[in-house]
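Asks:
Residue numbers (the numbering used here): 415 to 601.
(1) For residue 587, tell me which candidate among 504, 480, 545, 512 has the shortest Cα-Cα distance.
(2) Whole-angstrom Cβ separation of residue 453 and residue 503, contact assumed at under 8 Å?
(3) Please confirm whether residue 472 and residue 418 have their CB atoms less than 7 Å apart.
(4) So, under 8 Å CB-CB, residue 435 and residue 479 are touching, yes? Tell me the CB distance rounded to an integer number of Å.
(5) Going by Cα to Cα distance, which pick from 540, 427, 579 is closest to residue 593?
(6) Considering only the alpha carbon of each residue, which of 490, 516, 500, 467 lies closest to residue 591?
(7) Would DSSP call residue 439 helix, strand or coil?
(8) Pairs of beta-carbons, one from the segment 524 to 533 and one from the segment 544 to 557, closer than 8 Å: are there three or more?
(9) Quick one: what does DSSP say residue 429 is sitting in, helix, strand or coil?
(10) Can you tell me which of the three DSSP states residue 524 falls into?
(11) Just curious, the alpha helix (DSSP H) that residue 577 is in, first and last residue?
(12) Anyone know if the C-beta pair for residue 567 and residue 552 falls short of 7 Å?
(13) Taking the alpha carbon of residue 494 as the reference point, which residue from 481, 457, 535 has its own alpha carbon closest?
(14) Name the DSSP beta bridge partners of residue 516, please?
(15) Of all the beta strand (DSSP E) runs that stay within the bounds of the segment 467 to 505, which reach a length of 3 or more residues?
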């Protein structure tokens, strides 16, 4: 198994170093770790937040361990060069469109939840979030409105195939667990 380790910026290197230590401690046969640059550090070293070498490494990997991206020193860069474009680029180029976020409270920890203990104990929630359509890649801009104020805008749009594929992921997850499906819009 090949894992691309992409530490990135901020807390990313610290977090991925600990994850790598755990992975290496498993001593799994055939496991190979490769490290690449993403985000602000990649921009500073290579002139782009997602260098082609890193993208190629990610494509060849069986899994990606991604840290974090974001660097205040890069805030003034053009949008396509900002650190967060690394994660957006990986999602787009690798077809990583679904984010699965389970929410459960482990037995014995119910009292630590802000929910009532009986509700916390039965919590079994999976949030399925689409990652490549919507405002992530839609048109964005700024303008001066009629009142003379600066305002920003994002265009939200989805193609049929984007809606269908995320719906299929959510429907399969709900059916597998015998759960209901609720569709929620960010608007």
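The C-beta atom is built at its ideal place from N, Cα and C for all residues, glycine as well.
Replies: To lay it out plainly:
(1) For residue 587, the nearest C-alpha among the options comes from 512.
(2) No, residue 453 and residue 503 are not in contact; Cβ-Cβ is about 11 Å, not under 8 Å.
(3) yes
(4) Between residue 435 and residue 479 a beta carbon distance of about 12 Å is seen, past the 8 Å cut, so the two are scored as non-contacting.
(5) 540
(6) The shortest C-alpha separation from residue 591 is found at 516.
(7) helix
(8) no
(9) Under the three-state reduction of DSSP, residue 429 is assigned to helix.
(10) helix
(11) Run containing residue 577: 574 to 591, per the alpha helix (DSSP H) assignment.
(12) no
(13) Nearest C-alpha to residue 494: 457.
(14) 540
(15) Fully enclosed beta strand (DSSP E) runs of 3 or longer: 477 to 482.
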